[in-house]
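*Asks:*
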Amino acid sequence: MRNLVLLIPFLAAIAAVATKDRVLAVLILFCYLTVEGMLKLMSSYHPLVHIGTDIVLWSMVAAWAAIALASGRKRVPRVPFLTLLILHVTWVLLLVFSPYTASLFVGIASLKIHLSMIPLYFIGFMLAADASAPGRFLRVLTLFWTATFVFTLLQYAGGPDSMLDLGEAYRLRASYFHEWRPFGTTSLPGGQSVIALLALPFAMYLAFRAEHAWRDWRIIATIVASLAVFFVSGVRQVFLGSLVIVVTMTGLQVMRGRGRAVTGLVAVGALGVATFIAVQQFIVPAARRSIQEATGVPEIWRDRDVVDRFGSLLDPETYARVRAGGVRLIWNRITEAPLGVGLGRTGSAASALQDQLERDAFNKMLQDRFGFQDNFFAAMLVETGIPGTLMLTTILVGLGVLSVRLARRAATREDSAFGALVAGYILALLVMSWGSQPLLGNPTLAFFWFLGGMAMGRLDAVTLDANAEFAAADGTGYITRR
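Going by this note's numbering, the letters in the sequence shown line up with residues 1 to 482, in that order.
(1) Using beta-carbon positions only, say whether residue 272 and residue 206 come within less than 8 Å of one another.
(2) Please state whether DSSP places residue 457 in a helix, a strand or coil.
(3) Please report how far the alpha carbon of residue 405 lies from the alpha carbon of residue 454, in whole angstroms.
(4) Using three-state DSSP, classify residue 4 as helix, strand or coil.
(5) Would you give the residue range spanned by the alpha helix (DSSP H) that residue 402 belongs to?
(6) For the stretch 442–451 against the stretch 18–38, are there 3 or more C-beta pairs whose distance is under 8 Å?
(7) Roughly how many angstroms lie between the CA atoms of residue 76 and residue 69, to the nearest whole one?
(8) What residues in its chain sit with their C-beta under 7 Å from that of residue 494, if we drop five residues either side in the sequence?
(9) Rounded to the nearest angstrom, what separates residue 6 and residue 28 at their Cα positions?
(10) Among 174, 245, 258 and 179, whose alpha-carbon lies nearest the alpha-carbon of residue 198?
(11) Quick check: the stretch 380–398 against the stretch 352–361, are there 3 or more CB pairs under 8 Å?
(12) Between which two residues does the alpha helix (DSSP H) harbouring residue 442 extend?
(13) State yes or no: is the C-beta of residue 56 within less than 8 Å of the C-beta of residue 18?
(14) Residue range of the alpha helix (DSSP H) that residue 274 falls in?
(15) According to the Cβ coordinates, are residue 53 and residue 24 closer than 8 Å?
(16) For the stretch 301–310 against the stretch 228–238, are there 3 or more C-beta pairs whose distance is under 8 Å?
(17) Go ahead and pull the three-state DSSP assignment for residue 477.
(18) Residue 470 to residue 58, Cα distance in whole Å?
(19) Go through its chain and collect everything with a Cβ distance to residue 146's Cβ below 6 Å, but skip five positions before and after it.
(20) Compare the beta carbon distance of residue 255 and residue 421 with 8 Å and say whether it is the shorter of the two.
(21) Please tell me whether residue 346 and residue 362 are closer than 8 Å, where the distance is taken between their beta carbons.
(22) With distances taken from CA atoms, which of 408, 124, 403 and 416 is nearest residue 427?
(23) Of the residues 464, 437, 388 and 131, which one's Cα is nearest the Cα of residue 96?
(24) Would you mind giving the Cβ-Cβ distance between residue 419 and residue 410, rounded to the nearest angstrom? I have them listed as a contact below 8 Å.
(25) Under 7 Å from any heavy atom of the ligand COA, does the C-beta of residue 218 make it?
(26) Would you kindly work out how many angstroms separate the C-alpha atoms of residue 169 and residue 41, rounded to a whole number?
(27) Answer with buried or exposed for residue 20, where buried requires no fewer than 16 other C-beta atoms within 10 angstroms of its C-beta.
(28) Which of the three DSSP states, helix, strand or coil, is assigned to residue 102?
(29) On the three-state DSSP scale, how would you describe residue 483?
(30) Rounded to whole angstroms, how far is the Cβ of residue 458 from the Cβ of residue 134, which I believe are closer than 8 Å?
(31) Within 10 angstroms of its Cβ, does residue 71 collect 16 or more other Cβ (buried), or is it exposed?
(32) Take every Cβ of the stretch 122–132, pair it with every Cβ of the stretch 180–187, and state whether three or more of those distances are shorter than 8 Å.
(33) Going along the chain, which residues of its own chain have a beta-carbon closer than 8 Å to the beta-carbon of residue 265, five neighbours each way excluded?
(34) Taking the alpha helix (DSSP H) that residue 299 belongs to, which residues open and close that run?
(35) Return the first residue and the last residue of the alpha helix (DSSP H) that residue 221 is part of.
As structure tokens, this is what we get:
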């Protein structure tokens, strides 16, 4: 089985490269990304599976670049913030050779997090030339994810024996948590909630873009399944992030004069209450019975329930107490490490490179002092210093602002709803960055670059259309880009 798992990244890469439909190729990539965490555990974190998404993505990039060169196209798209992005990439590449980076191997391996997903920005921009691409992409993914959500809920109801028998890696990761949480198709208990973070607003987009969409059972199924996954995952910050996206989307649609968007928000709220009651009445009792019958699990799992964690969201003290001290931590990193202390020190790269980061006394000292930051901005300061943090944050905020422009100015319901979706996602990333590192790991990082690129592509198309209409109206015939 382990050897078969090692073939999956290459099979996905072959399928993505072989298809002539580039939207389908990207869908293959993100479907693989959805199950990559599970494949990592099943292969005991074999290096080939650990870089599986990179194998699929860069195979696509190499094939498509070769086709472009063969046909005489040698220019990359003129995407927004291109100059700043080039400076950011250059700075990160220079940090590979920083005296604080533990080794050349560590520096290069860390590029997986900092740079390897950036091609998705350009891919999203190019695919967005087709106005139907965003809707098609989101529609297929929501259906695929809904199937994985059902799998997650069955895991939770089945109890620990439904997953932990797959191997020691599952048992070790689950033992760090105070409650039983399903893995889904990820490598962490509760990790499927990160997919739900995207699926819920994706379904909202599909509802906003067309009349009578709330009658579509597929949209309702996606919303209900994603909400149920939130409740059995217990990751409150991600749940709040999804609410930030949904509320932002609704607000931007209302500002466009689409008052029916409020009805959608009310519908999600009603579905949320009904789903929570259903989870408590049917799924939680089944999980409790399974936990009582399980052997070799922490005793605390029999006393605590992950669904009860959501009750703390109604307690104002939760927000004052959790993740406190962020400003002080950021200021400390600015003063102590203005140029960073080497790549790979924090984020998801640190856990994979732990042995290399602590091979000598000096690097172990740096790792003990700077190795964990429960704050994206502090983590970026440790990794890339003030320059890298400022550049990436500027790109993040800038893409959010331009996405709001798309939501406000787009002539079509589809483009306006998509701009609102991406603006909400970027705002959620900023909010979540205060207590986690969403842009130092997948899938949130990959979706940031791809959705950002696709939104900029639609904004570019919308701007060109508007300029063309203006040029035709005033008789000049001139068309200008932004």
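In this text, a Cβ means the ideal position worked out from N, Cα and C, and glycines have one as well. From a predicted model like this one, the values you see are computed outputs, not experimental measurements.
*Replies:* Considering the structure as presented:
(1) As a working note, residue 272 is residue 272 in the sequence shown. As a working note, residue 206 is residue 206 in the sequence shown. Here residue 272 is not near residue 206, since their CB atoms are 8 Å or more apart.
(2) For the purposes of this step, residue 457 is taken as residue 457 along the sequence shown, with counting starting at 1. Secondary structure at residue 457: helix, using DSSP grouped into helix, strand and coil.
(3) For this step, residue 405 is matched to residue 405 along the sequence shown. For this step, residue 454 is matched to residue 454 along the sequence shown. Cα-Cα distance, rounded: 14 Å.
(4) The residue you call residue 4 lines up with position 4 of the sequence shown. Residue state, collapsed to three classes: helix.
(5) Taking the first residue of the sequence shown as 1, we reach residue 402 at position 402. Looking at the DSSP string, the run of the alpha helix (DSSP H) that includes residue 402 is 376–409.
(6) Touching, yes.
(7) Position 76 of the sequence shown, counting from 1, holds the residue named residue 76. Position 69 of the sequence shown, counting from 1, holds the residue named residue 69. Cα atoms of residue 76 and residue 69: separation of roughly 11 Å, rounded to the nearest angstrom.
(8) Outside the modelled stretch of the chain, which goes from 1 to 482, sits residue 494, for which no answer is possible.
(9) Along the sequence shown, one-based indexing puts residue 6 at 6. Along the sequence shown, one-based indexing puts residue 28 at 28. Here the C-alpha atom of residue 6 lies approximately 17 Å from the C-alpha atom of residue 28.
(10) For this step, residue 198 is matched to residue 198 along the sequence shown. Relative to residue 198, the option among 174, 245, 258 and 179 whose CA is nearest is 245.
(11) Taking one beta carbon from each stretch, the stretch 380–398 and the stretch 352–361 have fewer than 3 pairs nearer than 8 Å; the two do not touch.
(12) In the sequence shown, the residue the question calls residue 442 occupies position 442. Premise fails: residue 442 is in no alpha helix (DSSP H) and is neither H nor E.
(13) Locating residue 56 in the sequence shown gives position 56, where the first residue counts as 1. Locating residue 18 in the sequence shown gives position 18, where the first residue counts as 1. For the pair residue 56 and residue 18, the CB atoms are not nearer than the 8 Å cut-off.
(14) The residue given as residue 274 occupies position 274 in the sequence shown. Under the DSSP assignment, residue 274 falls in the alpha helix (DSSP H) whose first and last residues are 260–278.
(15) The residue labelled residue 53 in the question sits at position 53 within the sequence shown. The residue labelled residue 24 in the question sits at position 24 within the sequence shown. No, the Cβ-Cβ distance between residue 53 and residue 24 is not below 8 Å.
(16) Yes, the stretch 301–310 touches the stretch 228–238.
(17) In the sequence shown, the residue the question calls residue 477 occupies position 477. Low per-residue confidence applies at residue 477: pLDDT is 46, beneath 50, and the placement is therefore not dependable, though the value from the model is reported in the following sentence. When secondary structure is reduced to three states using DSSP, residue 477 falls in the coil class, being assigned neither helix nor strand.
(18) Here residue 470 is taken as the residue at index 470 of the sequence shown, counted from 1. Here residue 58 is taken as the residue at index 58 of the sequence shown, counted from 1. In this prediction, residue 470 has a pLDDT of 48, which is less than 50 and means its spatial position is unreliable; nothing more can be read from the coordinates.
(19) Counting from 1 along the sequence shown, the entry for residue 146 is found at position 146. So the qualifying residues of the chain are 221, 222 and 225.
(20) Numbered from its first residue, the sequence shown carries residue 255 at position 255. Numbered from its first residue, the sequence shown carries residue 421 at position 421. For residue 255 and residue 421, no; Cβs fall outside 8 Å.
(21) The residue given as residue 346 occupies position 346 in the sequence shown. The residue given as residue 362 occupies position 362 in the sequence shown. No; because the gap between Cβ atoms is not below 8 Å, this pair is not in contact.
(22) For this step, residue 427 is matched to residue 427 along the sequence shown. Residue 403 is the option with its Cα nearest to residue 427.
(23) Residue numbering aside, residue 96 sits at position 96 when the sequence shown is read from its first letter. When C-alpha distances from residue 96 are compared across 464, 437, 388 and 131, the shortest belongs to 388.
(24) What you label residue 419 is simply residue 419 of the sequence shown in a count that begins at 1. What you label residue 410 is simply residue 410 of the sequence shown in a count that begins at 1. By a beta-carbon distance limit of 8 Å, residue 419 contacts residue 410. Their separation comes to about 6 Å.
(25) The model on display carries no ligand, and the ligand COA is accordingly not part of it.
(26) For the purposes of this step, residue 169 is taken as residue 169 along the sequence shown, with counting starting at 1. For the purposes of this step, residue 41 is taken as residue 41 along the sequence shown, with counting starting at 1. Roughly 6 Å between the two C-alpha positions.
(27) Here residue 20 refers to the residue found at position 20 when the sequence shown is read from its first residue. When all chains shown are included, residue 20 counts as exposed.
(28) Against the sequence shown, residue 102 aligns to sequence position 102. Three-state DSSP puts residue 102 in coil, outside helix and strand.
(29) Nothing in the structure corresponds to residue 483, since the chain is present only between 1 and 482.
(30) Within the sequence shown, residue 458 is the residue found at index 458, counting from 1. Within the sequence shown, residue 134 is the residue found at index 134, counting from 1. Yes, they are in contact, since the Cβ atoms of residue 458 and residue 134 sit about 7 Å apart, within 8 Å.
(31) Residue mapping note: residue 71 aligns to position 71 of the sequence shown, counting from 1. Exposed.
(32) Contact between the stretch 122–132 and the stretch 180–187 is absent, with fewer than three C-beta pairs closer than 8 Å.
(33) The residue given as residue 265 occupies position 265 in the sequence shown. Excluding residues up to 5 positions away in sequence, 246, 247 and 250 lie with their Cβ nearer than 8 Å to the Cβ of residue 265 in the same chain.
(34) For the purposes of this step, residue 299 is taken as residue 299 along the sequence shown, with counting starting at 1. It is not in any alpha helix (DSSP H) - residue 299 carries neither H nor E in the DSSP assignment.
(35) On the sequence shown, residue 221 is found 221 positions in, with the first residue counted as 1. The continuous alpha helix (DSSP H) containing residue 221 extends over residues 217–233.
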